[in-house]
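Residue 319, in the working numbering, is where the sequence shown stops; the numbers in between run on with no holes. Below: the structure, in structure tokens.
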Amino acid sequence: MREGQNPAKFVQQIGKPEKITVAVLAHIPFLSGFYAHTLDVLKECLNSLWQNTDLPYDLLVFDNGSCKEAVDFLREARRDGRIQFLVLSEKNLGKGGAWNFIFQLAPGDVLAYADSDVYFHAGWLDEALEILETFPDVGMVTSRPFRTSPVLYTSTLTWAKQAKGVSLEEGQFVPWETFREFDLSLGQDEEHIRARYERTSDLRVTYQGVTAYIGASHWQFVGYTSTLRRFVPLNMDRPMGQVRMLDQGVNEGGHLRLMTSRPLTMNMSNTLAPIPAPDPGRQTMVKTPSLTKRVLEFPPLKRGLLFIYDRIFRWYYGR
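Here you go:
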């Protein structure tokens with residue numbers, strides 16, 4: 001039998017979510033090998049977010065089956081009021097499964113998504129939001145200019161060529177240092193990066209006085225929650241490797257995919273190691289790799305070792 005009255009009946013006000021939900025997806029299954037420094041990366045990601053986000057927002061963190069150390073850190077941040085919504089998944093649902101949750105759970109009208117290895121610079125959200133609210137029918141805005149696959153922005157390019165009041169330019173607008181910094185974070189070598197920089201170009205568009213670059217990416221983006229919900233559920237049967245399904249869906253749905261004109265976010269990957277400074281000269285000096293490195297890079301051996309690594313990972317952490 002009930003004793004007394006539920007005190008919630010006498011509460012006159014309830015909390016309301018902010019207009020913007022910032023969502024971060026974390027997956028740190030253990031702290032060794034590839035993941036040895038990823039908890040430090042996650043902490044740097046969230047610290048940069050807390051320090052460099054000026055607009056009001058709620059933070060939603062979706063943890064995709066991480067180890068105890070990572071979960072303990074996130075729970076402490078939640079207790080301290082630095083995380084407003086914390087979802088702890090027992091198993092790794094993959095990025096698609098996490099997106100299905102995040103896109104449906106996010107209470108804000110605007111959703112700003114990021115992987116847990118993203119570093120945020122001051123102004124990252126302000127400038128992305130300006131593009132989102134100025135350009136028509138925007139699907140995704142990434143807070144950094146870089147060169148993406150043309151097949152993923154055909155709808156944006158068609159709009160830019162046909163819409164009135166739009167200025168479309170093509171050229172080498174992204175500085176070499178900015179281009180190089182991002183591609184190095186993806187593990188590419190300097191020679192390959194230089195060759196790609198020289199054979200590709202940027203597409204810059206200006207509309208109603210606001211300038212953006214054409215393109216976007218799934219690793220970090222800002223969009224209207226109602227628009228992003230149109231693309232779930234995403235049916236991915238692998239945790240990685242199919243993430244372009246979202247990029248493809250946004251493009252095929254006729255939505256614009258844009259980027260800020262300044263590099264306001266950065267991919268840290270799995271370490272906090274600084275990006276080496278570029279050579280000022282035109283010719284890039286390449287350090288000769290050690291004998292061990294050359295042996296490990298021998299294609300048949302490399303494929304075999306990576307296959308074994310993949311099998312071990314699946315045995316221990318696969319679901």
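Glycine included, each C-beta is placed from N, C-alpha and C at the ideal position. For clarity, every value in this text was computed on a predicted model and none was experimentally measured.
Exercise. With a cut-off of 8 Å on the beta carbons, I'd call M140 and A216 a contact; round off their distance for me.
Key: Here residue 140 corresponds to residue number 140 of the sequence shown, with the count starting at 1. Here residue 216 corresponds to residue number 216 of the sequence shown, with the count starting at 1. Yes, M140 and A216 are in contact; Cβ-Cβ is about 4 Å, under 8 Å.
Quiz item: Per DSSP, which one or two residues make a beta bridge with F221?
Solution: The residue labelled residue 221 in the question sits at position 221 within the sequence shown. According to DSSP, which records beta bridges pairwise, F221 is partnered with Y113.
Self-check item: For R227, the three-state DSSP class (helix, strand or coil)
Solution: Counted from its first residue, the sequence shown places residue 227 at position 227. A quick correction: the sequence has Thr, not Arg, at residue 227. Helix.
Quiz item: Can you tell which of R82, Y197 and R75 has the C-alpha that lies nearest to the C-alpha of D183?
Solution: Numbered from 1 along the sequence shown, position 183 holds the residue referred to as residue 183. Looking at the Cα atoms, Y197 is the closest of the given residues.
Exercise. Report yes or no: do the segment 131-139 and the segment 81-97 share at least 3 C-beta pairs separated by less than 8 Å?
Key: no
Quiz item: Counting along the chain, where does the alpha helix (DSSP H) carrying N330 start and finish?
Solution: The shown model of the chain, from 1 to 319, leaves out residue 330, and the question about it has no answer.
Self-check item: At least three beta-carbon pairs within less than 8 Å, the segment 110-118 to the segment 22-31
Solution: yes
Quiz item: Is DSSP giving V174 helix, strand or coil here?
Solution: If you number the sequence shown from 1, residue 174 lands on position 174. Coil at V174, not helix or strand.
Quiz prompt | Buried versus exposed, by CB contacts within 10 Å (16 or more), R167 | solution = In the sequence shown, the residue the question calls residue 167 occupies position 167. The sequence as given places Ser at residue 167; Arg does not occur at that position. An exposed status is given to S167, since fewer than 16 other beta-carbon atoms sit within 10 Å of its beta-carbon.
Quiz prompt | alpha helix (DSSP H) runs wholly inside the segment 10-53, at least 4 long, in chain order | solution = 38-52
Quiz item: Going along the chain, which residues of its own chain have a beta-carbon closer than 6 Å to the beta-carbon of W99, five neighbours each way excluded?
Solution: Counted from its first residue, the sequence shown places residue 99 at position 99. L234, listed in sequence order.
Quiz prompt | Nearest candidate by alpha-carbon position, reference S143, set L305, D109 and T265 | solution = Locating residue 143 in the sequence shown gives position 143, counting from the first residue. Distance from the Cα of S143 is smallest, within the candidate group L305, D109 and T265, for T265.
Quiz item: Helix or strand or just coil, what does DSSP make of R204?
Solution: Locating residue 204 in the sequence shown gives position 204, counting from the first residue. Note: R204 maps to strand in three-state DSSP.
Self-check item: For T38, the nearest candidate out of V22, L55, S66 and P56 (CA to CA)
Solution: Along the sequence shown, read from residue 1 onward, the residue named residue 38 stands at position 38. Of V22, L55, S66 and P56, the residue nearest in Cα terms is S66.
Self-check item: Candidates T227, N92 and A195, of which the one nearest D109 by Cα
Solution: Within the sequence shown, numbered from 1, the residue matching residue 109 stands at position 109. Checking every option, the nearest Cα to that of D109 belongs to T227.
Self-check item: Candidates F231, L74 and V243: closest to D40 by CA position
Solution: Within the sequence shown, residue 40 is the residue found at index 40, counting from 1. Cα-wise, what sits closest to D40 is L74.
Practice problem: Label K164 either buried or exposed according to how many other C-beta atoms from any shown protein chain fall within 10 Å of its C-beta, with 16 as the threshold for buried. | Solution: Here residue 164 refers to the residue found at position 164 when the sequence shown is read from its first residue. Classification of K164: exposed, given that the 10 Å Cβ count is below 16.
Quiz prompt | Integer-rounded CB distance, given that G254 should sit under 8 Å from S155 | solution = The residue labelled residue 155 in the question sits at position 155 within the sequence shown. The residue labelled residue 254 in the question sits at position 254 within the sequence shown. Between G254 and S155 the Cβ distance is about 5 Å, and since that is below 8 Å, they are a contact.
Quiz item: Leaving out the 5 sequence neighbours to the left and right, which residues in its chain are closer than 6 Å to F146 when beta-carbon positions are compared?
Solution: As a working note, residue 146 is residue 146 in the sequence shown. Answer for F146: F182, listed in chain order.
Quiz item: How about N270 and Y35: are their beta carbons less than 8 Å apart?
Solution: Locating residue 270 in the sequence shown gives position 270, where the first residue counts as 1. Locating residue 35 in the sequence shown gives position 35, where the first residue counts as 1. At a Cβ-Cβ threshold of 8 Å, N270 and Y35 count as neighbours.
Self-check item: Cβ separation of L46 and L125, assumed to be a contact under 8 Å, to the nearest whole Å
Solution: Stepping through the sequence shown from its first residue, residue 46 is reached at position 46. Stepping through the sequence shown from its first residue, residue 125 is reached at position 125. The Cβ separation is near 14 Å, so there is no contact.
Practice problem: Check N64 in the structure and name its three-state DSSP category. | Solution: Looking up residue 64 in the sequence shown gives position 64. Strand.
Self-check item: Buried/exposed call for R230, threshold 16 Cβ in 10 Å
Solution: The residue given as residue 230 occupies position 230 in the sequence shown. It counts as exposed.
Quiz item: What do you reckon, are the CB atoms on F89 and N64 nearer than 8 Å?
Solution: Along the sequence shown, read from residue 1 onward, the residue named residue 89 stands at position 89. Along the sequence shown, read from residue 1 onward, the residue named residue 64 stands at position 64. The residue you asked about is not Phe; residue 89 is Ser in the sequence shown. The answer is yes: Cβ separation under 8 Å.
Quiz item: So what does L86 bridge to, in DSSP terms?
Solution: Here residue 86 refers to the residue found at position 86 when the sequence shown is read from its first residue. Residue pairing by DSSP places L86 opposite V61 in a beta bridge.
Self-check item: Proximity to T260 [Cα-Cα], best of L272, D72 and A212
Solution: Within the sequence shown, residue 260 is the residue found at index 260, counting from 1. Looking at the Cα atoms, A212 is the closest of the given residues.
Exercise. Indicate whether N92 and Y153 have their beta-carbon atoms separated by less than 8 Å.
Key: As a working note, residue 92 is residue 92 in the sequence shown. As a working note, residue 153 is residue 153 in the sequence shown. No, they are not a contact pair.
Self-check item: Where the alpha helix (DSSP H) containing T134 begins and where it ends
Solution: Indexing the sequence shown from 1 puts residue 134 at position 134. Unbroken alpha helix (DSSP H) run through T134: W124 to T134.
Quiz item: Quick one: is V286 buried, meaning 16 or more other Cβ sit within 10 Å of its Cβ, or exposed?
Solution: Your numbering for residue 286 matches position 286 in the sequence shown. At V286 the pLDDT is 37, less than 50, meaning the model places this residue with poor confidence and gives no usable figure here.
Exercise. Please name the residue or residues paired with V118 in a DSSP beta bridge.
Key: Locating residue 118 in the sequence shown gives position 118, counting from the first residue. According to DSSP, V118 bridges with N267.
Self-check item: Neighbourhood of L49 by C-beta distance below 6 Å, restricted to the same chain and skipping five residues each side
Solution: In the sequence shown, residue 49 corresponds to position 49, counting from 1. Hits under 6 Å: F120.
Practice problem: Report the residue from F30, W159 and L129 whose alpha carbon sits nearest the alpha carbon of V205. | Solution: Mapped onto the sequence shown, residue 205 falls at position 205. Here the closest residue by C-alpha is W159.
Exercise. Please classify A263: is it buried, with 16 or more other beta-carbons within 10 angstroms of its beta-carbon, or exposed?
Key: Sequence index remark: in the sequence shown, residue 263 carries index 263 (1-based). Per the sequence presented here, residue 263 reads as Pro, with Ala not at that position. Buried: at least 16 other Cβ atoms inside 10 Å.
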